[in-house]
Amino acid sequence: MRTIAIGDIHGGYKALEQLIEKIDLQERDLVIFLGDYIDGWSQSFEVIEFLISLKRKRIQNNQTAPIYLRGNHDELFLNYLKTKTQNSMWLHHGGQSTIDSYKNRSSKDFERHVEFFEKGLKNYYVDKSNNGFFHAGFHNLKGPEYEYYDNMPYWDRTLWELALCLDPNLSIDNDRYPNRLKLYKEIFIGHTPTSRLGKLEPVNAVNVWNIDTAAAYKGPLTALCVETKEVWQSDHVHTFYPEENGRN
């Protein structure tokens, strides 16, 4: 059995198809999607259809079901689906492409997708080895269950900033070692593109792994095996959509 984390997809359905084929999922593999399935490339609707279908098929075949985490873009889109209120900042950051992807869909499609976004996503996940999986991170020193705001696991950037700034030579036994980084064996996140560090592959800082490799921009979609750190990547997502801008 492998535990495989997959980074931010942002509407790149063709890249997702290619990546899943490269991974060659086995029946006991646990796949954890880290959120932000939409907002970017033109196939947000198809991405959600794929995820709904993947879970259904794996359950029907008595295979390990995937886990879907909630990203900040997923929450913004759910708010739109429920209220039809268009947040201007969300539209600017990829929301319009998602609205366009959902044009002329049936009412049943909308109902299924609202259910997916409302009931099918977790705010975070902790596996049996005490690895933590988040879209973004968490802020409370005691862990995400103590957060004052429930949305911190898919909005926070301070955990990643903390890991990047920490002296790698600082012992975990040192009084100055951050409590947040002691709570989990390893932490796997997306949300903040590694392209900001000039990288298009997963970046490790202390015990935090960031696998958002800028699929919304000009990077690939990435999967990482938690146990072995094997990496799979799609082609750069923008090459699947040469007539589009994504979030560039």
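Per the working numbering, residue 1 is the first one in the sequence shown, and the count goes up by one each step. The beta-carbon is built from N, C-alpha and C at its ideal position, and this holds for glycine as well.
For residue 202, does the count of other Cβ atoms within 10 angstroms reach 16, so buried, or fall short, so exposed?
buried
Using the C-alpha atoms, what's the distance from residue 104 back to residue 124?
33 Å
Kindly provide the ranges of any alpha helix (DSSP H) runs that are 4 or more residues long and lie completely inside the region 18–92, ordered along the chain.
Fully enclosed alpha helix (DSSP H) runs of 4 or longer: 44–60, 72–83.
Under the assumption that residue 101 contacts residue 7 (Cβ atoms under 8 Å), give the Cβ distance between them as a whole number of angstroms.
Contact flag wrong, Cβ pair sits at about 20 Å.
Checking 8 Å against the spacing of the C-beta atoms, do residue 76 and residue 188 come in under that value?
no
Supposed contact pair residue 194 and residue 213 - C-beta distance, whole angstroms, cut 8 Å
5 Å
Less than 8 Å separating the beta-carbons of residue 225 and residue 4?
yes
Distance, Cα to Cα, residue 153 vs residue 134?
6 Å
Do residue 160 and residue 208 come within 8 Å of each other at the CB atom, strictly closer than that value?
yes
Span of the alpha helix (DSSP H) holding residue 163?
158–165
Tell me the residue span of the alpha helix (DSSP H) that contains residue 188.
For residue 188, there is no enclosing alpha helix (DSSP H); the enclosing beta strand (DSSP E) covers residues 187–189.
Please confirm if the region 35–54 is in contact with the region 63–74, defined as three or more CB-CB distances below 8 Å between the two stretches.
yes
Would you report the Cα separation of residue 87 and residue 16, rounded to the nearest angstrom?
27 Å
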